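First up is the structure itself, then whatever we jot down about it.
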Amino acid sequence: MSFPINRMRRLRANKTLRRMIRETSVSVDDLIYPLFVTHGLDVKLQIPTMPGVYHFSVDALCEEAKSVRDLGIPAVLLFGLPAQKDEMGSEAYASDGIVQKAVSALKRDVPDLVVITDVCLCEYTSHGHCGVVRDGEIINDETLDLIARTAVSHAEVGADMVAPSDMMDGRVMAIRESLDERGLENVPIMAYSAKFASAFYGPFRDAVGCAPKFSDRSSYQMDPPNCREALKEIALDIEEGADIVMVKPATAYLDIISDARASFDVPVAAYNVSGEYCMIKAAAEAGYIDEKRIVSEVLTSIKRAGADMIITYSAKDFASWI
Ligand code: PBG
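Next up, the structure:
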């Protein structure tokens, strides 16, 4: 039976009705805000490729974290800019590394904010790859130990959750075992499980200077056309002990988010990455689009696809608008 019995417009007649009928909503509770920490004192440096996003020194980071908490955003995802980069990315797992210092300070000053740390080597290695490099190759199994050491060094100073983004095989298991051996069995792992080799990371790589010096990340990050493979990556990470799985980037991969939500019973996170953010910022600044409406529509689409939480540089803006 169809028209005129069915009239879809009946339930769209006014704002209040539409509010009742609405199937999806984004709340601040769904958001995770990425933060970048750098050495120094009283530093708040605008990242040229990412309008509205900054490098903070630890002291300034704590002030920023308070404003994030005051907006009701439950969590931040922390990235570090080391003083020096080397072949083995040693500041990533140094006890006095920049992220380790920042985590201690954040847990002291803003204890109720959940601090998640990005666990990877690429910001710390001179070659810019996420793993140990030998003869132009990224060596999987030797990287695992360094990744696990990095995660442990974050958890030991109080990180609430660790988020490996390197895409080496077996890293979730290596991290889980290392954490458990040290009595850190209650620290959850949010795995960047289906992380695609994407051009959307461009502005982030400029922001932390982690673009690979040779070749690219296609031998470890996923090939964008693949969906079945993404589901296998996620299944393996769950088997290895991932508590939360992630799809990254978000908007060009909504089908993967949707399939992940339908296939697994763990929380699914989506990373609305730097390129997705910057395209909207640039178009808004040029006057081509309405930033508030676009951001809200994009975040809603990620939620509707099935994400339980969204890592987004728009978190503070969005929280201040709603
Ligand atoms: C590190 C890492 C990257 C991002 C998050 N963690 C860059 C990359 O893999 O090249 C991208 C984040 C963004 O673009 O916002 N491995």
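Heads up, the sequence shown is in my numbering, so the first residue is 6 and it goes up one at a time. Just so you know, even glycine gets a beta-carbon here, dropped at the ideal spot from N, CA and C. Source: prediction; values computed, not measured.
Residue environment, residue i, which counts as buried when at least 16 other CB atoms sit within 10 Å
i, result
"residue 102", "buried"
"residue 141", "exposed"
"residue 224", "exposed"
"residue 52", "buried"
"residue 130", "buried"
"residue 270", "exposed"
"residue 19", "exposed"
"residue 264", "buried"
Span separating the alpha-carbon of residue i from that of residue j
i, j, result
"residue 239", "residue 10", "45 Å"
"residue 60", "residue 282", "17 Å"
"residue 246", "residue 76", "32 Å"
"residue 203", "residue 8", "45 Å"
"residue 34", "residue 252", "19 Å"
"residue 255", "residue 316", "9 Å"
"residue 58", "residue 87", "18 Å"
"residue 175", "residue 13", "50 Å"
"residue 158", "residue 120", "14 Å"
"residue 146", "residue 178", "12 Å"
"residue 97", "residue 155", "6 Å"
"residue 214", "residue 15", "53 Å"
Terminal residues of the alpha helix (DSSP H) in which residue i lies
i, result
"residue 236", "233–245"
"residue 25", "20–26"
"residue 143", "Premise fails: residue 143 lies in the beta strand (DSSP E), 142–144, not in any alpha helix (DSSP H)."
"residue 306", "296–310"
"residue 180", "176–186"
Opening and closing residue of the beta strand (DSSP E) in which residue i lies
i, result
"residue 282", "Careful: residue 282 lies outside any beta strand (DSSP E), inside the alpha helix (DSSP H) at 279–290."
"residue 123", "119–124"
"residue 320", "Per DSSP, residue 320 belongs to no beta strand (DSSP E); it is in the alpha helix (DSSP H), 320–326."
C-beta neighbour in chain C for residue i, strict 8 Å
i, result
"residue 201", "You won't find chain C in this structure, because it holds only one protein chain."
Proximity below 8 Å, CB of residue i to CB of residue j
i, j, result
"residue 172", "residue 197", "yes"
"residue 124", "residue 170", "yes"
"residue 274", "residue 227", "no"
"residue 132", "residue 219", "yes"
"residue 42", "residue 85", "yes"
"residue 258", "residue 201", "yes"
"residue 184", "residue 160", "yes"
Any non-hydrogen atom of ligand 2 within 7 Å of residue i CB
i, result
"residue 123", "Ligands present in the displayed structure are limited to ligand 1, and ligand 2 is not among them."
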